[in-house]
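What follows is a short report on a single structure.
There are 2 protein chains.
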Amino acid sequence: MANVGLKNSDTFSDILDVAEHLFRQIGHQKTTVADIARELHMSPANIYRFFTTKGEINEAVAGRLLAEVETGIRKIANSPRSAGVRLREVILKVEKLNSDRFRSDRKLHDLLERTYNERWPIMDTHLEAVDRELVHIVSGGMTAGEFRQGVPQTAAILVRNACLRFLHPRFVVECAEDPEPTADQMVDFCLSALA
Amino acid sequence: MANVGLKNSDTFSDILDVAEHLFRQIGHQKTTVADIARELHMSPANIYRFFTTKGEINEAVAGRLLAEVETGIRKIANSPRSAGVRLREVILKVEKLNSDRFRSDRKLHDLLERTYNERWPIMDTHLEAVDRELVHIVSGGMTAGEFRQGVPQTAAILVRNACLRFLHPRFVVECAEDPEPTADQMVDFCLSALA
Chain R
39 MANVGLKNSD TFSDILDVAE HLFRQIGHQK TTVADIAREL HMSPANIYRF FTTKGEINEA
99 VAGRLLAEVE TGIRKIANSP RSAGVRLREV ILKVEKLNSD RFRSDRKLHD LLERTYNERW
159 PIMDTHLEAV DRELVHIVSG GMTAGEFRQG VPQTAAILVR NACLRFLHPR FVVECAEDPE
219 PTADQMVDFC LSALA
Chain F
39 MANVGLKNSD TFSDILDVAE HLFRQIGHQK TTVADIAREL HMSPANIYRF FTTKGEINEA
99 VAGRLLAEVE TGIRKIANSP RSAGVRLREV ILKVEKLNSD RFRSDRKLHD LLERTYNERW
159 PIMDTHLEAV DRELVHIVSG GMTAGEFRQG VPQTAAILVR NACLRFLHPR FVVECAEDPE
219 PTADQMVDFC LSALA
């Protein structure tokens with residue numbers, strides 16, 4: 039666990055900025071703590087005040103990327119539109135973030151794919167955050183009579199799983215050549231299931 | 039490509055039987071052509087008459103396992119029951135095959151996971167076969183008025199993608215601890231979408 043007491047210091051976020059920059063350029067596996075220290079004109083020992091291992095830096099950079107995704111989703115979930123419109127926008131948003139990152143920032147995409155593949159703890163936290171926003175949308179849709187009654191938690195998990203192909207970084211790779219289903223088709227399918 | 043002219047010979051299937059046995063015991067990555075030859079009391083050169091590389095043996099063993107899955111699905115798809123019942127049975131069947139293999143034959147599961155992860159050509163053939171049976175069920179359901187009208191191909195691909203978590207070997211690993219959704223819940227969700 040990174041030293042959370044120092045989490046709000048400028049140095050803490052400088053380290054993550056530089057790490058993210060290097061991960062983008064040469065990949066998280068080739069980036070060493072010495073590389074990050076050199077770029078920041080500090081000693082590796084100083085970095086170890088903040089992060090006990092290189093693995094913690096990987097996790098913190100991935101966690102920041104996932105937090106950006108969550109912020110985007112939360113903004114959509116709280117916007118004053120119908121549940122169906124917000125659900126669609128959330129799925130399309132995450133799909134776009136994944137496929138843009140896959141196309142333009144392959145090395146950063148690799149880090150996130152690993153986060154999923156190895157199911158790092160931050161991934162569970164992330165999935166819980168995504169589910170929370172999906173539950174918010176679905177339960178709103180149920181209250182408004184837009185969706186039929188049911189257990190919002192279960193419905194939200196079903197939607198997330200049905201859309202796995204668009205939300206999971208691995209499938210952006212594995213299904214890159216598959217024309218169908220599109221994210222829009224899958225959202226239509228989910229909306230029919232919820233209606 | 040394995041020497042298809044020799045595909046129906048006894049030696050061809052003996053090689054695959056022994057390879058599958060060894061893959062189960064020590065894994066496909068540790069099994070060498072020499073190991074297979076030794077077990078069959080033949081020379082490695084004789085095996086190379088049938089398979090040019092070890093990779094071809096991996097692929098042929100995986101292909102045989104996938105063909106068994108396809109046979110199981112085809113039998114269900116052609117049984118004289120409602121489309122909804124058959125659809126549920128297909129998804130539950132593949133899910134069970136995957137999770138049984140994961141629990142009892144982890145090393146064979148690894149081979150299939152690799153087939154998916156690296157998207158070997160036999161995987162595309164397999165997915166096409168699965169889609170064909172799903173299309174058969176869905177179009178039957180549409181004709182019978184059990185499902186609403188639509189394009190059966192698209193509907194079948196949507197169902198397969200919505201159920202990815204149960205059909206893809208990787209997720210049997212990644213979601214082993216997740217209690218929800220169950221395969222039954224996901225099938226209910228799909229049937230609502232198709233109704």
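First to last, the protein sequences are chains R and F.
Residues 39 to 233 (this note's numbering) are what the first sequence spells out, left to right.
Residues 39 to 233 (this note's numbering) are what the second sequence spells out, left to right.
We treat Cβ as the ideally placed atom computed from N, Cα and C, and that holds for glycine.
None of the values given here were measured: they were computed from a predicted structure.
Which same chain residues end up closer than 6 Å to residue i when comparing Cβ atoms and leaving out the 5 residues on each side of it in sequence?
i, result
"residue 201 of chain R", "129, 224"
"residue 178 of chain F", "121"
"residue 71 of chain R", "82, 85, 92"
"residue 287 of chain F", "The question about residue 287 of chain F has no answer, for chain F in this structure spans 39 to 233."
"residue 58 of chain R", "99"
"residue 110 of chain F", "131"
Identify which residue in the options has its Cα closest to the Cα of residue i.
i, options, result
"residue 61 of chain R", "R/149, R/217, R/205", "R/149"
"residue 192 of chain R", "R/136, R/111, R/169", "R/169"
"residue 98 of chain F", "F/160, F/181, F/83", "F/160"
"residue 107 of chain F", "F/183, F/133, F/232, F/215", "F/133"
"residue 144 of chain F", "F/52, F/65, F/50", "F/65"
"residue 183 of chain F", "F/232, F/50, F/47", "F/232"
"residue 207 of chain F", "F/221, F/222, F/155", "F/155"
"residue 175 of chain R", "R/198, R/59, R/94", "R/198"
"residue 213 of chain R", "F/227, F/117, F/165", "F/165"
"residue 135 of chain R", "R/47, R/227, R/204", "R/204"
"residue 163 of chain R", "R/116, R/137, R/104", "R/104"
"residue 49 of chain R", "R/138, R/227, R/88, R/209", "R/88"
"residue 77 of chain F", "F/56, F/96, F/227", "F/56"
"residue 95 of chain F", "F/52, F/117, F/79", "F/52"
"residue 230 of chain F", "F/194, F/138, F/185", "F/185"
"residue 67 of chain F", "F/116, F/151, F/142", "F/151"
"residue 63 of chain F", "F/142, F/167, F/209", "F/142"
Residue i by DSSP, collapsed to three states: which one?
i, result
"residue 152 of chain R", "helix"
"residue 173 of chain R", "helix"
"residue 216 of chain F", "coil"
"residue 69 of chain F", "coil"
"residue 184 of chain R", "coil"
"residue 116 of chain R", "coil"
"residue 221 of chain R", "helix"
"residue 83 of chain F", "helix"
"residue 47 of chain F", "coil"
"residue 194 of chain F", "helix"
"residue 78 of chain R", "coil"
"residue 206 of chain R", "coil"
"residue 157 of chain R", "coil"
"residue 211 of chain F", "helix"
"residue 61 of chain R", "helix"
"residue 228 of chain R", "helix"
"residue 138 of chain F", "helix"
"residue 88 of chain F", "helix"
List the whole-angstrom C-beta distance separating residue i from residue j, where the pair is believed to meet the contact cut-off of C-beta under 8 Å.
i, j, result
"residue 102 of chain F", "residue 54 of chain F", "6 Å"
"residue 140 of chain R", "residue 211 of chain R", "7 Å"
"residue 171 of chain R", "residue 119 of chain R", "Not confirmed; about 14 Å, so no contact."
"residue 219 of chain F", "residue 196 of chain R", "5 Å"
Are any of the Cβ atoms in chain C nearer than 8 Å to that of residue i?
i, result
"residue 203 of chain R", "Of the protein chains in this structure, namely R and F, none is chain C."
Excluding the 5 residues preceding and the 5 following residue i in the sequence, name in chain order all residues of the same chain whose CB lies nearer than 7 Å to its CB.
i, result
"residue 81 of chain F", "75"
"residue 114 of chain F", "124, 127, 128, 131"
"residue 153 of chain R", "100, 160, 161"
"residue 180 of chain F", "187, 188, 190"
"residue 9 of chain F", "An answer regarding residue 9 of chain F cannot be provided, because it is not within the stretch 39 to 233 covered by chain F."
"residue 69 of chain R", "57, 60, 61"
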